[in-house]
Amino acid sequence: MRVAMIGTGYVGLVSGVCFSDFGHDVVCVDKAVHKIDMLERGEVPIFEPGLDTLMHKNVEAGRLTFTTDLKTAVEEADAVFIAVGTPTRRGDGHADLTYVYAAAEEIAHALTDYTVVVTKSTVPVGTNREVERVIRKANPEAKFDVASNPEFLREGAAIDDFMRPDRVVVGVEGDEAKDVMSALNRPLYLREAPSIYTDLESAEMIKYAANAFLATKITFINEIAALCEKVGANVKEVSKGMGLDNRIGNKFLHAGPGYGGSCFPKDTKALARIGQDHSQPNQIVETVIKVNEERKRAMTDKVLDLMDGSVNGKRIAILGVTFKPNTDDMRDAPSLTIVPALVGAGAEVRVTDPEGKKEGEALLPGVTWCADAYEAAHEADALVILTEWNEFRALDLVRLKQGMRGAAVADLRNIYKPDEMAEAGFSYVSVGR
Ligand code: NAD
């Protein structure tokens, strides 16, 4: 199959590279000239483990190219994927569909033979029908069908998730489009990935419902963690005891500083707005959004409490600013709430993150960037673990303590054991223990 991937971000690039690895001919298109320039030089604009090797392999095999020329890419394609961003619209919480409809219109003018236009971006119910209308209006002669193929990959494990998905969801009507979608995903069926072929609306809804459910699970355990602290229970034991129940499962039951990232915050907000627009409010999701915001603020208070109520003039080391490990993505990361609050309260903040500096420098003004945890902790009064990168999991506690001025540690990911930290002489707090 010949595939055009419109949008070469976290989802578009990974999907394009993986489809080319399946043997399809893929052209990745982006408006951002600097991204395409980088890709043409063989550089990957984002940090995603394993992506560079797989990309180089398929470029060399002649199956993967990059361009800013949407028209030519679309003209030659059997399937055109829309993988552009759908961020929160400023002011009202709706998904901003400007990029999706702009891409649809551009695609419309470039369509020649029969083509399936597939939305991979996360979009509210009804968007695929609107994409169809946009294309039909711009090019009444076009021979095409639309399909919805929401993406469930996780940054940091994106290639494995794409290659071995828990399931593939396709919203599609009509046999011709269904055949194209089946041919595209054939390598996944051979790996026995379950697939769900359904209508457009259900496919769109599955994505939002799945993300909102996961955000709810995280928020639930975060509230339980807060209660554990009050009653003397240990949330790690509670999560384990809950997660061993097959009906519950152990994933997404790790207490932390609140969910962030490129998907959960915007998708929960968008789902809440969809509910409100249809006079069918999603009260659980609305509450999850509120509780998660409070959670991030409560984490700043936790650090303040650890420092006897004030961080003014104190030096604080922050380990990790990306929203989770193994990505450079900073979108809606809890660090964007916690770090500015500490800076605002008069702290001198020193930050380290294996991949976060490129994005983080502009987003976190007034902090000092350090090469590693020990440099960040140099003469610090307190240390805060915000993201559980592997390199923060086995620090030399003696060396760390010797370098610090104070001995306070707030571990917001529970990666250390309270007794080992006490033994090392730290005044240690974590979450839900
Ligand atoms: P992104 O911001 O990383 O990438 C979007 C890209 O689209 C940008 O490079 C932008 O320049 C490009 N673009 C926008 N309009 C264009 C146009 N008309 N022509 C060509 N290029 C255009 O976004 P992302 O994180 O990859 O997310 C894309 C979609 O996938 C979103 O709807 C998101 O919700 C969804 N999604 C994301 C993830 C994730 O982990 N990031 C996971 C699942 C689903």
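If you want the working numbering, it's the position in the sequence shown, counting the first as 1, plus 23.
Where is the CB? At the ideal position from N, CA and C, for every residue including glycine.
| Asked | Found |
| --- | --- |
| Whole runs of the alpha helix (DSSP H) within the region 255–284, excluding any shorter than 4 residues | 258–266 |
| Ala235 CB to nearest heavy atom of the ligand NAD below 7 Å | no |
| Ile158 - DSSP class collapsed to helix/strand/coil | helix |
| Residue closest to Asp351, alpha-carbon to alpha-carbon, out of Glu178, Gly46, Gly73 and Asn335 | Glu178 |
| Between the CA atoms of His79 and Thr291 - distance to the nearest angstrom | 36 Å |
| Exposure of Thr391, with buried meaning 16 or more beta-carbon neighbours within 10 Å | exposed |
| Status (buried if at least 16 other CB within 10 Å, exposed otherwise) for Pro217 | exposed |
| Reduced DSSP category for Asp101 - H, G, I as helix; E, B as strand; rest coil | coil |
| Coarse secondary structure for Tyr451, derived from DSSP in three states | strand |
| Neighbourhood of Ala133 by C-beta distance below 6 Å, restricted to the same chain and skipping five residues each side | Lys94, Val97 and Glu98 |
| Alpha-carbon spacing of Val258 relative to Thr90, whole angstroms | 49 Å |
| Cβ pair Ala102, Val139 closer than 8 Å | yes |
| Exposure label - Ser333; buried when at least 16 CB within 10 Å | exposed |
| Cys41 to Ser285 span [Cα, whole Å] | 21 Å |
| Nearest-angstrom beta carbon gap, Ile339 and Asp404 [assumed within contact, 8 Å] | 7 Å |
| Met24 - containing alpha helix (DSSP H), residue span | Premise fails: Met24 is in no alpha helix (DSSP H) and is neither H nor E. |
| Cβ-heavy atom distance, Tyr122 to the ligand NAD, below 7 Å | yes |
| Segment limits, alpha helix (DSSP H) that includes Cys41 | Tyr33 to Asp44 |
| Proximal residues to Phe449 (C-beta, below 6 Å), its chain only, five neighbours per side dropped | Ala430 and Val432 |
| Ala106 - partner residues in DSSP beta bridges | Per DSSP, none; premise fails for Ala106. |
| Counterpart residues of Ser144 in DSSP-defined beta bridges | DSSP, once it has assigned bridges, lists no residue as partnering Ser144. |
| Distance, Ile105 Cα to Tyr122 Cα | 9 Å |
| Proximity test, Cys286 beta-carbon vs the ligand NAD heavy atom, cut-off 7 Å | yes |
| Buried or exposed by the 16-neighbour rule on C-beta atoms within 10 Å, applied to Ile219 | exposed |
| Val191 CB to nearest heavy atom of the ligand NAD below 7 Å | no |
| 8 Å Cβ cutoff met for Val154 and Ala127 | yes |
| 4-residue-minimum alpha helix (DSSP H) runs that sit fully inside the region 205–257, ordered along the chain | 223–254 |
| Near the ligand NAD: Tyr33 beta-carbon under 7 Å from a heavy atom | yes |
| C-alpha gap between Val49 and Ala100, whole angstroms | 9 Å |
| Reference Glu371; option with closest CA among Ala399, Ala385 and Glu63 | Ala399 |
| Beta strand (DSSP E) runs wholly inside the region 57–132, at least 3 long, in chain order | 87–90 and 102–105 |
| Ala238 CB to nearest heavy atom of the ligand NAD below 7 Å | no |
| Distance, Leu267 Cα to Gly281 Cα | 23 Å |
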